[in-house]
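Structure first, then comments.
What follows is the structure, given as structure tokens:
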């Protein structure tokens, strides 16, 4: 299934990219590992947010497509 990343999802992805860039510059491996784990979490959040946002858009469009006499 293909879906477009929502605005909220893109914000999560930007945060994840920033965390990964920061992790790459770290000399402390423990901190770098924690930042990478946090970046992974933000990538999951981006996917989930995009799916939720897409579902909301579909639900709204389905509601607005109903004939007025059914509402």
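In our numbering, the protein residues as written are 673 to 743.
C-beta atoms are modelled at their ideal positions from N, C-alpha and C, and glycine is treated no differently.
Computed from a prediction, not measured in an experiment: that's the story for all the values here.
Helix, strand or coil at residue i according to DSSP, with G and I counted as helix
i: residue 678; result: coil
i: residue 699; result: coil
Given residue i as reference, the closest of the options once Cα atoms are compared
i: residue 685; options: 724, 734, 714; result: 714
i: residue 687; options: 696, 718, 702; result: 718
i: residue 683; options: 733, 728, 716; result: 716
Residue i and residue j closer than 8 Å at C-beta
i: residue 691; j: residue 711; result: yes
i: residue 699; j: residue 707; result: no
Nearest-angstrom beta carbon gap, residue j and residue i [assumed within contact, 8 Å]
i: residue 722; j: residue 678; result: 4 Å
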